[in-house]
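Trainee:
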Amino acid sequence: MRRVGVRTGLAVLALAAVASGCAPGTKDPGAAGATGTRPAPGGESPHGQAGAKQTHAAKMRAEYAARAAAARRWGLKKVPLTPPAPPATKPAITTREGFEVEDHEELGLPPVFTTVPTKDKVVFLTIDDGAEKDPAFLRMMSDLKIPYTAFLSDYLVKEDYGYFKKMQDRGVALNNHTLHHPYLPDLSHSRQRREICGMQDVIEKRYGKRPELFRPPFGNYDRDTLRAAKSCGVKYVPLWSEEVFADHWDYREWDRDLHPGDIVLTHFRGHADWKGTMPDMIRRFLNLVTEKGYAVARLEDYL
Ligand SMILES: [Zn+2]
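Encoded structure:
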C-alpha cells in the first residue's frame, strides 16, 4: 500500500515539474534531442518516428524531473548523476597487491579487492551488518533510485527478515557477512566454514538465492577464510576504499579522495551508534559523490 502511495506522489510531482519547465541551466539529459518537440500539456498522442522521438524525450524529461524532485525532497544539494550502462565486457577482478594469502591464485581462491578496475566515473555503495532497519532508508533509496549491495549478518537480520526481503524486492543483492560477525582469523577452518557457509544457507533459504559475494567482518581474513568461502560458492570478496558515516568519511588511501570504481562501505546504523540516521548518512554520501562528478553504479553489474 505504501509503495503505491509513494509512486502516485512521485508521478504527481514529476508532472508538476514538467509542466512548470526545467529551470535554465538545469542539466537535462532530455533537452539535447528535444528541440521543439515538447508536448503541449494534455496534448495529442504522438505518431510515427517523430512521435517516438518526442515520446522518448518527454520520458527522459519526466524521469529527470522525478529525480530532481526526489533529490529536493530528501534534502540533497544536487541531483545524483546517472551511471553509464553496465559494461558489456566485465573487468578482470584480481586480488589487490598485499591482500593475497599463500597460494591464492594456485588454489583459485576468490579475489580480495577494494576498487573495481574501470575508467567509468562511478563508485559502489555497500552496506554491512543489518542492525538498523529504518523504513525511511528504503523509501529514500527507491525514490532516488540509488543502487547498493547489502552484506548481512544473521544475528542482526533475523530480528526482521522481512525488512531485507523488501530490500531484495527493490533490486538489492543480499550478500554474506557471516552468521555471528566473529573475528574470523581466530577461528579454525571448520568454524569459519560454519560461519560463512551457514550464512550462505540462511540467505538461500530466506531469500531464494545463494550469494556470490562475501565480506569478512572487520575486513579480516586468512587463507582458511577464503578456502571456506570458495567451498560454498563465494566468487568475490570485496572490501572497501572509503567508509562513510552519518557525520564524516574515512579513507584508505593517503590522497583522501574518490577514484573510479571505488567501493564505499557503510553500515545499517542509526542514532544508537551514529550522530545521525541512515538518510543523514546517504545525504553525506551522495552530496560528496555528486560534487566530485561520480555516479553510483551497481557492483554486481561490474562483476
Ligand atoms: Zn560488519
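Residue numbering for the sequence shown is -19 to -1, 1 to 284, as defined by mature numbering (1 follows the signal peptide of the UniProt record, and there is no 0).
Beta carbons: idealized from backbone N, C-alpha and C, even for Gly.
Helix, strand or coil, according to DSSP, for Asp109 in the structure here?
Mentor: The sequence position of residue 109 within the sequence shown is 128, counting from 1. Residue state, collapsed to three classes: strand.
Trainee: Kindly indicate the opening and closing residues of the beta strand (DSSP E) around Thr96.
Mentor: Here the question's residue 96 lines up with position 115 in the sequence shown. Looking at the DSSP string, Thr96 is not in any beta strand (DSSP E), and its letter there is neither H nor E.
Trainee: DSSP puts His240 in a beta bridge; with which residues?
Mentor: Locating residue 240 in the sequence shown gives position 259, where the first residue counts as 1. Paired residues: none, contrary to the question.
Trainee: Tell me, to the nearest whole angstrom, how far the beta carbon of Asp203 is from that of Pro260; I am working on the premise that it is less than 8 Å.
Mentor: Here residue 203 is taken as the residue at index 222 of the sequence shown, counted from 1. Here residue 260 is taken as the residue at index 279 of the sequence shown, counted from 1. The pair is not a contact, with the Cβ atoms about 37 Å apart (cut-off 8 Å).
Trainee: Classify Leu284 as helix, strand or coil using the three-state DSSP reduction.
Mentor: Numbered from its first residue, the sequence shown carries residue 284 at position 303. Correct three-state label for Leu284: coil.
Trainee: Run through the DSSP bridge pairs and tell me what Ala154 is partnered with.
Mentor: Taking the first residue of the sequence shown as 1, we reach residue 154 at position 173. Note: Ala154 sits in a beta bridge opposite Thr130.
Trainee: Check this for me: beta carbons of Arg247 and Val225, under 8 Å apart or not?
Mentor: For the purposes of this step, residue 247 is taken as residue 266 along the sequence shown, with counting starting at 1. For the purposes of this step, residue 225 is taken as residue 244 along the sequence shown, with counting starting at 1. Looking at the sequence itself, residue 247 is Thr, so the reference to Arg does not match. Yes, the pair counts as a contact, with Cβ atoms nearer than the cut-off.
Trainee: Looking at C-alpha atoms only, which residue of Gly214, Ser212, Tyr129, Lys146 is the closest neighbour of Asp282?
Mentor: Here the question's residue 282 lines up with position 301 in the sequence shown. The option with the nearest alpha carbon to Asp282 is Tyr129.
Trainee: Where does Tyr142 sit, in a helix, a strand or coil, going by DSSP?
Mentor: For the purposes of this step, residue 142 is taken as the residue at position 161 of the sequence shown. Three-state DSSP puts Tyr142 in a helix.
Trainee: Is any heavy atom in ligand 1 found nearer than 7 Å to the beta carbon of His158?
Mentor: For this step, residue 158 is matched to residue 177 along the sequence shown. Within the cutoff, so yes.
Trainee: Which of the three DSSP states, helix, strand or coil, is assigned to Thr63?
Mentor: Walking along the sequence shown from the start, residue 63 turns up at place 82. Thr63 falls in the coil class under three-state DSSP.
Trainee: Consider the C-beta atom of Pro166 and the heavy atoms of ligand 1; say whether any pair is separated by less than 7 Å.
Mentor: Looking up residue 166 in the sequence shown gives position 185. Pro166 Cβ: outside cutoff for every heavy atom of ligand 1.
Trainee: Quick check on DSSP: helix, strand or coil for Phe199?
Mentor: Here the question's residue 199 lines up with position 218 in the sequence shown. Three-state result, Phe199: helix.
Trainee: Looking at the strands, I want to know which residues DSSP matches up with Glu223.
Mentor: Within the sequence shown, the letter at position 242 stands for residue 223. According to DSSP, Glu223 bridges with Tyr232, Val245.
Trainee: For Phe145, count neighbouring Cβ atoms within 10 angstroms of its own Cβ and tell me buried if that reaches 16, exposed if not.
Mentor: For the purposes of this step, residue 145 is taken as the residue at position 164 of the sequence shown. Result: buried.
Trainee: Buried or exposed for Ala31, going by 16 or more other Cβ atoms inside 10 Å?
Mentor: As a working note, residue 31 is residue 50 in the sequence shown. Ala31 is exposed by the Cβ-count criterion.
Trainee: Could you pull the start and end residues of the alpha helix (DSSP H) that Val183 belongs to?
Mentor: For this step, residue 183 is matched to residue 202 along the sequence shown. Note, Val183: alpha helix (DSSP H), 170 to 188.
Trainee: Quick check on the burial criterion: 16 or more other C-beta atoms within 10 angstroms. Buried or exposed for Phe105?
Mentor: Numbered from its first residue, the sequence shown carries residue 105 at position 124. By the neighbour-count rule (16 or more Cβ atoms within 10 Å), Phe105 is buried.
Trainee: Might you give, ordered along the chain, the residues of its own chain that have their beta carbon closer than 7 Å to the beta carbon of Leu284, omitting 5 neighbours on each side?
Mentor: Looking up residue 284 in the sequence shown gives position 303. So the list reads Lys71, Ile74, Tyr217, once near-sequence residues are dropped.
Trainee: What's the C-alpha gap between Lys273 and Ser171?
Mentor: As a working note, residue 273 is residue 292 in the sequence shown. As a working note, residue 171 is residue 190 in the sequence shown. Those two C-alpha atoms are separated by around 45 Å.
Trainee: Just to confirm, is the Cβ distance from Arg233 to Ser222 under 8 Å?
Mentor: Mapped onto the sequence shown, residue 233 falls at position 252. Mapped onto the sequence shown, residue 222 falls at position 241. Against a cut-off of 8 Å, the Cβ pair of Ser222 and Arg233 comes out as a contact.
Trainee: Is Pro67 near ligand 1, with its Cβ less than 7 Å from a heavy atom?
Mentor: Within the sequence shown, the letter at position 86 stands for residue 67. Outside the cutoff, so no.
Trainee: Take Ala77 and list the residues in its own chain whose beta-carbon comes closer than 6 Å to its own, dropping the five residues that flank it on each side.
Mentor: Position 96 of the sequence shown, counted from the first residue, corresponds to residue 77. First, the amino acid is wrong: residue 77 is Arg here, not Ala. Contacts found: Phe94, Thr95.
Trainee: What do you reckon, is the C-beta of Asp135 under 7 Å from a heavy atom of ligand 1?
Mentor: Along the sequence shown, one-based indexing puts residue 135 at 154. Answer for Asp135: no, Cβ out of range of ligand 1.
Trainee: In or out: Ala278 buried (at least 16 other Cβ within 10 Å) or exposed?
Mentor: For this step, residue 278 is matched to residue 297 along the sequence shown. Burial call: buried.
Trainee: Ligand 1 and residue 285: does any heavy atom of the ligand fall closer than 7 Å to the residue's C-beta?
Mentor: With the chain running from -19 to 284 in the structure shown, residue 285 is simply not present.
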